[in-house]
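Student:
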Amino acid sequence: MARYNPKETEPKWRNAWAEADVFRAEPPSSGRPKYYALEMFPYPSGRLHMGHVRNYALGDVKARYMKAKGFNVLHPMGWDAFGLPAENAAMERGVDPRAWTYDNIAKMRTELKQLGLSIDWSREFATCDEAYYGQQQAWFLDLWKRGLVYRREGVVNWDPVDQTVLANEQVVDGRGWRSGAVVEKRKLNQWFLRITDYADDLLEGLKTLDRWPDKVRTMQENWIGRSKGLRFSFPFSDPAPAGFEGGLEVYTTRPDTLFGASFAGIAPDHPLAEQIAAADPKAAAFIAECRRGGASEAEIETAEKIGYDTGLTVAHPFDPDWKLPVWIANFILMDYGTGAIFACPAHDQRDLDFARKYGLPVTPVVLPPGEDASSFQVGAEAYVGPGRIFNSRFLDGLDIEAAKAEAISRIEAQGAGKGATVFRLRDWGVARQRGWGCPIPVVHCETCGVVAVPKDQLPVALPLDLDFSKPGNALDRHPTWKTTTCPTCAGPARRETDTLDTFVDSSWYFARFTDPTSPEPINREAADYWMPVDQYVGGVEHAVLHLLYSRFITRALSDAGMLSAKEPFIGLFTQGMVTHETYRRQSGEWLEPGEVEITAEGNSRRAVIVETGEPVMIGDVEKMSKSKKNTVAPEEIFDVYGVDAARLFVLSDSPPERDTQWTTGGVAGAWRFVNRVWDEFDSQPATVAAADIAGDEAAKAVQRAVHRLIKAMTEAIETFRFNSGIARLYEFLNTLKEHKAEGASPALLAARAEALSAFARLISPFTPHLAEECWARVGGSGMVVHAPWPDFDVALTEDAVRILPVQVNGKRRGEISAPAGAEPADVEKLVLDDPEITRRLEGLTIRKVIVVKDRIVNIVAA
RNA sequence: GCCGCCGUAGCUCAGUGGUAGAGCGCAUCCUUGGUAAGGCUGAGGUCGGCAGUUCAAUCCUGCCCGGCGGCACCA
């Protein structure tokens, strides 16, 4: 018996696929239904990690399956190649970022190809290719013309370590998402994309994405954060401060509680606050105090509410004689709503905390059900539940929703304000002060202002001789690059030296894949055939970054006429991480898995350092990371066990959406499976004569098992439950082993031949190389990649005779066999005739007999 | 605090309103010309807890406990 040798087999089949060019997507004219499978493209770090293996293996299962189902599959690959790691490498090691990046791409391409993915490599590109980012510049200018790009001075998030601006989405708990540094606020001239124009549409669109995880939809919903309310102005009671003659504009979602108003509040960086501070040193000191507070989550959480009474008062909108004091308060955010609020302490916890601290009035205006108006009081907790309005003049007696509507219409009738919808989502700041990115294609002219570079002068290419030896923007300090002439007046001009956020690069690459050499950014015909992506696979960490930006850009480009699709990804799957146990010395230093030897002692385990025998602490199971040294290099696994075993294990051990734990035992198990599968094919005669299997129980059992397997595998792949599918493959292999080829009857051999033919096709999405070898071994025609997915016969998935357990009062007391589909009445008769059962019923009176067809019988007796 | 996911064998996980499963690990034995290997057999589970619905609950419902994730001074 020849042992399976992946080192020879796997490269052999990869070459065969490449030579036959089997994964090239056919043109739209092929007439076959399309299927666009895509995994989030990698950053070319230069090294493949297990997370990549899992991500691309998952996508590959679906792509190969759909190909077998007869679809015209597009499954491309590219590189998200701009960004900071290249600049850091340049700074640390003096290499050229371009050379470093393309070098890494070459290395990673080799490793990815080794995975045996069904990729159409003819479409490959990198976002740092001039041909790509030049097209990006072209559509950027189109969006500018359409008013979706604007430039303004604004307070931005500044990452002091990476020395660049960050988008709101890239600030996590007050820290830069990449550097982890505490983010500072700076005023800068910034480029923005008007994503807020699409806030409503992006929110509504989520409802149509029924093949997205609920979790991701919820996260986007929260992020967009739509709230409906009222925007209105408080008139100042005394002469209004300069510039506020129109009053103090506030936003509220609770206009129903207007009669519970206690004070008006403004953010410390509200223009009015700044104006007051200019004349009032105490106010200025207070504002400075507010700014000192950090932005980290812990600090926000514990920050006490503090306020400063400005001495100004405003009039209640429904009662000119009712004066409300104006406070500056640290809990009010300038960049939400209008940066000013009206406070109703009885029904808002923040307002209540504040009012209690500063002795401001607390008037309840919503009466909870069952409470009495004369006795209801608010203590330390604001009441935010449902109820009837009281203490509120013309709103009295209304429920909350009716009162909101009434208050809004009164305010609108007075001309004091308007119902308004407010979003948490802010416009997307896209400019980055970096040299290794897509240049923003504009020039600054002294006479003409900011001017777009004409399309025939695109791409605005990065110079080849950027100096990355110092931190900061290499493009800005280049000696000559930014000096140019104005395209409009031919006068002296300066190029924009900001580049685009790399999330811009990744928010349209999927559309470019449909025709990566198009002279336009997007070939509309190709995009309209292929888009949207049918199945997108990637990490959940992009739930609100990449996935939201891509949805926005797709809409914007669609509205600009470049493609029809509004949603980029109609199906989304977010896979879990690959984790591994961690190991440390007693002294606390992390150890690599390879340095540690683990021995089992009964059900517990003991770990020591291989070389010294020094005891090792086995730590938590955590995401593979270099810092904790709990990584396993894919290429080492490929070397020992082969690519198929690695793919199989990484797909088999957990549901794809959950984290999976890498273990050497697990991959060894997958490797044994590969070998046992090969044994079954290798022990089968290459050619088998047809035989009637009707009278052969073993043959029939194999036949039923394989039909059940086809059904289960089809469902498992359709529903992304690959691990369950693989569990079924293991079970089926046990069935095959029970009905060996050695000494088999002609009927069993024939049944095995048919089963093996199907089996080779069923394993092909998971272990494609092994599948080819097996397919060839049993004389399959052509390659298994070209073979259609096997069909199953429902009748053959069921047994002709069923063993029905028989319960008495819910406890199992025996079993009987009955023909499949036997009627309850007949089964009941069989049961009551059964001596074993009747013996169990002696002395009991049968009350009821429940027969569930083909499942079970329960006798209720007393 | 709000929302979501998870809890089944020692470990990682399938599964179903009706007989509790796989891989790994563990134990016994066989093989020692598949050998830094292969095979047979086996032990091991109050299906997180309590209650309800049902003839029947690991599965449905409610409450509770434990773990993980997301959001959170957004008016």
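Every number in our numbering is 35 more than the matching position in the first sequence, counting from 1.
Where a beta carbon is used, it is the ideal one built from N, C-alpha and C, also for glycine.
Entirely within the region 510 to 594 and at least 4 residues each: give me those alpha helix (DSSP H) ranges in chain order.
Tutor: 537 to 540, 544 to 547, 559 to 565, 581 to 594
Student: By the 10 Å Cβ neighbour count, where 16 or more other Cβ atoms means buried, how is residue 652 classified, buried or exposed?
Tutor: exposed
Student: Using a 10 Å radius around the Cβ and a threshold of 16 neighbouring Cβ atoms, would you call residue 687 buried or exposed?
Tutor: buried
Student: Our contact map puts residue 915 next to residue 453 with C-beta atoms below 8 angstroms; I'd like the distance itself, whole angstroms only.
Tutor: For residue 915 there is no data in the structure shown, the boundaries of the chain being 36 and 897.
Student: Can you give me the Cβ contacts of residue 693 inside the same chain, cut-off strictly under 8 angstroms, excluding the 5 residues immediately before and after it?
Tutor: 611
Student: So, for residue 519: in the same chain, excluding its five sequence neighbours on each side, which residues have a beta-carbon less than 6 angstroms away from its beta-carbon?
Tutor: Only residues of its own chain outside the window of five on either side were considered, and among them 478, 528, 530 have a CB closer than 6 angstroms to the CB of residue 519, listed in chain order.
Student: Return the CA-CA distance between residue 211 and residue 404, expressed in angstroms with no decimal places.
Tutor: The straight-line gap separating the alpha-carbon atoms of residue 211 and residue 404 is approximately 46 angstroms.
Student: With distances taken Cα to Cα, identify the nearest neighbour of residue 350 among 188, 298, 228, 562.
Tutor: 298
Student: At what residues does the beta strand (DSSP E) containing residue 608 begin and finish?
Tutor: 607 to 610
Student: Below 8 angstroms on the Cβ atoms is my contact criterion, and I expect residue 399 with residue 411 to pass it. Report the Cβ-Cβ distance as a whole number of Å.
Tutor: Rounded to the nearest angstrom, the Cβ distance from residue 399 to residue 411 is 6 angstroms, consistent with a contact under 8 angstroms.
Student: Near residue 232, what residues of its chain come up, given a Cβ to Cβ distance below 8 angstroms and the 5 sequence neighbours on each side ignored?
Tutor: Correct list, in chain order: 183.
Student: From the DSSP output, read off the bridge partner residues of residue 694.
Tutor: Answer by DSSP bridge pairing: none, since residue 694 is not bridged.
Student: Along the chain, which unbroken stretches of the alpha helix (DSSP H) at least 4 residues long are found entirely within the region 763 to 839?
Tutor: 781 to 798, 803 to 812
Student: Look up residue 233 in the DSSP assignment and say whether it is helix, strand or coil.
Tutor: helix
Student: Looking only at C-alpha atoms, which of 417, 42, 535 sits nearest to residue 391?
Tutor: 417
Student: In angstroms with no decimal places, state the Cα-to-Cα distance between residue 880 and residue 830.
Tutor: 39 angstroms
Student: Give, in chain order, every unbroken run of the beta strand (DSSP E) that is at least 3 residues long and sits entirely within the region 429 to 493.
Tutor: 452 to 458, 477 to 480, 484 to 487
Student: What ranges does the beta strand (DSSP E) occupy inside the region 352 to 422, keeping only unbroken runs of at least 3 residues that lie completely in it?
Tutor: 354 to 364, 375 to 378
Student: Between 271, 585, 288, 603, which has its C-alpha nearest residue 280's C-alpha?
Tutor: 271
Student: Going by CA-CA distance only, name the one from 717, 607, 760, 740 that's closest to residue 90.
Tutor: 607
Student: Give the DSSP-derived three-state secondary structure of residue 262 in the structure shown.
Tutor: In the three-state reduction of the DSSP assignment, residue 262 falls in the strand class.
Student: Any heavy atom of the ligand PLP closer than 7 angstroms to the beta-carbon of residue 243?
Tutor: The ligand content of the structure shown is nil, which means the ligand PLP is not present either.
Student: Could you tell me how far apart the beta carbons of residue 543 and residue 228 are, in whole angstroms, since I believe they sit closer than 8 angstroms?
Tutor: The Cβ separation is near 12 angstroms, so there is no contact.
Student: Which full runs of the beta strand (DSSP E) of 3+ residues lie inside the region 265 to 329, going along the chain?
Tutor: Fully enclosed beta strand (DSSP E) runs of 3 or longer: 283 to 287, 298 to 301.
Student: Round the Cβ separation of residue 579 and residue 545 to the nearest angstrom and send it over; I've been treating them as touching at under 8 angstroms.
Tutor: The distance from the Cβ of residue 579 to that of residue 545 is about 18 angstroms, inconsistent with a contact at the 8 angstroms cut-off.
Student: In the DSSP assignment, what are the bridge partners of residue 604?
Tutor: 568
Student: With which residues is residue 881 paired in a DSSP beta bridge?
Tutor: 896
Student: Use the C-beta contact count for residue 682: other C-beta atoms within 10 angstroms, 16 or more gives buried, fewer gives exposed.
Tutor: buried
Student: Name the two residues that bound the continuous alpha helix (DSSP H) containing residue 242.
Tutor: Premise fails: residue 242 is in no alpha helix (DSSP H) and is neither H nor E.
Student: Within a Cβ cutoff of 6 angstroms, which residues of the same chain sit near residue 812, ignoring the five residues on either side of it in sequence?
Tutor: 716
Student: Quick check on this structure: which residue in 797, 707, 534 has the alpha carbon closest to the alpha carbon of residue 465?
Tutor: 534
Student: By a C-beta neighbour count over all protein chains shown, 10 Å radius and 16 as the cutoff for buried, is residue 570 buried or exposed?
Tutor: buried
Student: Report yes if the C-beta distance between residue 321 and residue 340 is below 8 angstroms; otherwise report no.
Tutor: no
Student: Is residue 471 closer than 8 angstroms to residue 117 when the C-beta atoms are compared?
Tutor: yes
Student: Between 604, 605, 588, which lies nearest to residue 597 when the distance is taken from Cα to Cα?
Tutor: 588
Student: Which one of 862, 541, 196 has the shortest CA to CA distance from residue 506?
Tutor: 196
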